[in-house]
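Sequential numbering of the sequence shown, starting at 1, is according to the UniProt record's numbering. Step one of this worksheet: look at the structure below.
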Amino acid sequence: MEVIQLKKIFTILSVILLSLMLINTVVASVENKHSEPVVSTKVFARINQRVISYDEFKQIFTQAVRYKYYHGKVPQKELQRFQRQVGKDIVEQELVYQQARTIGLKPETKKIQAGFSEYNKKYLNNNEWKKQKEKNLLQLVQRLERQNLIEQMLYKVKDISKPDLESIKVYYKKYPEKFTEPKRIWLSLILLSVKPSSSEKIWQDAIKTANEFIGKIKQGDDFSLIAKNYSAHISAANGGDLGYLHQGMLEGAAQKAVQNLKKSELSQAVRVLEGISIFRINDIQHKKLKPFTSVKLRASELLYRNLQKQAWSKYLRKLKKTADIYLNEKLYTLLDNEIAKH
C-alpha cells in the first residue's frame, strides 16, 4: 500500500495527516508543558456513537492549518471553506474507521510498530517526551491502530479492476488536453549584464549596445558568435542556445517580447532583472496531440486513479446515507470569532 496514493483520496487531510493530528493531541504536553486539557462541553459533531468536542475539533484544525499554510495562518477569504473541509474530513474518516471495526479488520502489528518507532525517533531528544512516553503509550498506539485501520479500508475500497483498452481509448478521446504537447519555442539569447542597482545611464548604454547587435545580426553577422563573445548568460558557451522552452517558462517581459515572433525573427532589446536581453526564435513547435500508443500507459493510470476516486466517493456517500450524523455548524462561526481576536 503506497502512502502517496492514499493521500490523494481525502481532499485536504490525508488519512496520515488527520491521524497524526489526533496523535498530537495525545502528547500535546511534549511541545507545550502548559497546554490545557480538553474541557469543553460543546459538541462539534456526533458520528453514530462517537462524539467530537469543539476543543477536539479546534486542536485538529490548528494542526491542519500548520500543515497546509506556511505561516500557520489561513487567509481570511479561505477560512470558512477550510474549516468546513476539515470538519467534513473528520466526519468521513471517523465513518471509515467505524466501518473498518464493524467488518472486523485488525491492525497490522508490524506497521503499528514501525509507526511508533518513527514517532519515537522524531522526539528522541525531547526530554518531555521521554518523561511522558510511558504514560501516553497506550493512547498513542490506539491512534496508530486507528490510522492503520483507515488505511486498510482505503486500500480495500480502491482495489478495483484495471480499465480495459476500450475504456482507456474513450478517456483519451474525451480528455485530449491531458495528452497534448504544449507549444514550444527554440530560443537563443544574448544577455548584456547590468546590475539592478546601476544608474539609468548604464541601462540606456546597454540598450544602445543591444540595438547595435540587433542591427549587425540583421545585416548578416552570426548571432551565436556575438553570444559567445559578449553574452553574460551561461548559454554563451553554446552560442546562446537555450533549447526548447514551453509557454510561460520565461519571465514576464521576456515572454511578452517573444510570444508573437515568427521563426528566425529577433526580439527587441528587452530589459530583464539581469540586464538587457536579445532573443531569437530558431524554431516553433505548435501544440499537438500525442498518439495514443505513446500515452496509453499514462492514460490508463489517469483513468484508474479517476475510477478509484469515484469508487471512494461512492463509498463515502453510502456510509453517510446509513449513518447518524450531527454537525454543529454554528461552531464554525465561534471559531471564526476566536481566530479574529488573535
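In this text, a Cβ means the ideal position worked out from N, Cα and C, and glycines have one as well. Predicted model only: the values in this text are computed from it and were never measured.
Practice prompt. Have a look at the DSSP bridge pairing and note the partners of Gln63.
Written response: In the DSSP output, where bridge partners are listed per residue, Gln63 has none listed.
Worksheet item: According to the neighbour-count rule (16 or more other Cβ atoms, all chains shown, within 10 Å of its Cβ), is Lys318 buried or exposed?
Response: With fewer than 16 Cβ atoms within 10 Å of its Cβ, Lys318 is classed as exposed.
Worksheet entry | Inter-residue Cα distance where the pair is His233 and Ile284 | Each residue's CA atom was taken as its position, placing His233 and Ile284 some 22 Å apart.
Discussion item. Let me check understanding here. Comparing Cα to Cα, which of Pro163, Thr109, Ile278 lies closest to Gln147?
Written reply: The shortest C-alpha separation from Gln147 is found at Thr109.
Discussion item. In whole angstroms, give me the CA-to-CA distance for Leu245 and Leu165.
Written reply: Going by C-alpha positions, Leu245 is about 33 Å away from Leu165.
Practice prompt. Give me whichever residues DSSP pairs with Lys288 in a beta bridge.
Written response: Paired residue(s): Glu181.
Worksheet item: For Ser231, does the count of other Cβ atoms within 10 angstroms reach 16, so buried, or fall short, so exposed?
Response: Its Cβ being crowded by 16 or more others within 10 Å, Ser231 is buried.
Worksheet item: Is the region 122-136 touching the region 167-185, taking contact as three or more C-beta pairs under 8 Å?
Response: Look at the beta carbons and you see the region 122-136 not touching the region 167-185: under three pairs across the two are nearer than 8 Å.
Item to complete: Check Ala253 in the structure and name its three-state DSSP category.
Response: DSSP places Ala253 within a helical segment (H, G or I) once states are collapsed to three.
Item to complete: If I'm right that Phe279 touches Ser264 with Cβ under 8 Å, what's the distance once you round it to whole angstroms?
Response: Separation of the CB atoms of Phe279 and Ser264 is rounded to 12 Å, and the pair is thereby denied contact status at 8 Å.
Worksheet item: Comparing alpha-carbon positions, which option in Ile185, Glu274, Phe292, Glu151 lies nearest Ser167?
Response: Proximity to Ser167 across Ile185, Glu274, Phe292, Glu151 peaks at Phe292, based on C-alpha coordinates.
Worksheet item: Name the DSSP beta bridge partners of Val51, please?
Response: Val51 is bridged to Arg46.
Worksheet entry | Cβ-based neighbour list, Glu50, same chain, cut-off 8 Å, excluding 5 preceding and 5 following | Contrary to the premise, residue 50 reads as Arg rather than Glu in this sequence. Cβ within range, chain order: Glu94, Gln98.
Worksheet entry | Euclidean distance between Cα positions of Leu18 and Ile150 | Any reading at Leu18 must be qualified, since the residue scores a pLDDT of 47, below 50, and its modelled position is unreliable; no value is offered.
Worksheet item: Candidates Tyr175, Lys330, Ser188, Ile281: which alpha carbon is nearest Leu289's?
Response: Across the set Tyr175, Lys330, Ser188, Ile281, the C-alpha of Tyr175 shows the shortest separation from the C-alpha of Leu289.
Worksheet item: So what does DSSP say about Asp221, is it helix, strand or coil?
Response: In the structure shown, Asp221 sits in coil (DSSP, three-state: anything other than H, G, I, E or B).
Practice prompt. Tell me whether the beta-carbon of Gly240 lies closer than 8 Å to the beta-carbon of Phe223.
Written response: Contact flag set, yes.
Worksheet item: Going by beta carbon distance, what residues of the same chain come within less than 7 Å of Pro107, once the five residues before and after it are set aside?
Response: Glu145, Asn148, Leu149, listed in sequence order.
Item to complete: Using a threshold of 8 Å, state whether the C-beta atoms of Arg84 and Tyr326 are closer than that.
Response: Going by beta carbons, Arg84 and Tyr326 fall outside the 8 Å limit.
Worksheet item: So, helix, strand or coil for Asn260, using DSSP?
Response: DSSP places Asn260 outside both helix and strand once states are collapsed to three, so it counts as coil.
Item to complete: Pick helix, strand or coil for Val91, following the three-state DSSP scheme.
Response: In the structure shown, Val91 falls within a helical segment according to DSSP collapsed to helix, strand and coil.
Worksheet item: Met153 and Val91: beta carbons closer than 8 Å?
Response: No, Cβ-Cβ distance for Met153 and Val91 is not below 8 Å.
Worksheet item: Taking the alpha carbon of Glu329 as the point to measure from, which residue in Gly87, Lys68, Val65, Tyr67 has its own alpha carbon closest?
Response: Residue Gly87 is the option with its Cα nearest to Glu329.
Fill in: Helix, strand or coil at Ile112 according to DSSP, with G and I counted as helix
Ile112 carries a helical assignment under DSSP once its states are collapsed to helix, strand and coil.
Worksheet item: For Trp186, which beta-bridge partners are listed by DSSP?
Response: Paired residues: Tyr244, Asp283.
Worksheet item: Can you give the Cα-Cα distance for Phe57 and Pro163, rounded to whole angstroms?
Response: Approximately 39 Å, taken between the alpha carbons.
Worksheet item: Cβ of Leu187 within 8 Å of Cβ of Ile276?
Response: If you check the CB distance, Leu187 and Ile276 do not come in under 8 Å.
Item to complete: Report buried or exposed for Gly115, applying the criterion of at least 16 other Cβ atoms within 10 angstroms of its Cβ.
Response: Flag for Gly115 reads buried.
Practice prompt. Could you tell me the distance, in whole angstroms, from the CA atom of Lys77 to the CA atom of Asn337?
Written response: Distance between the alpha carbons of Lys77 and Asn337: 14 Å.
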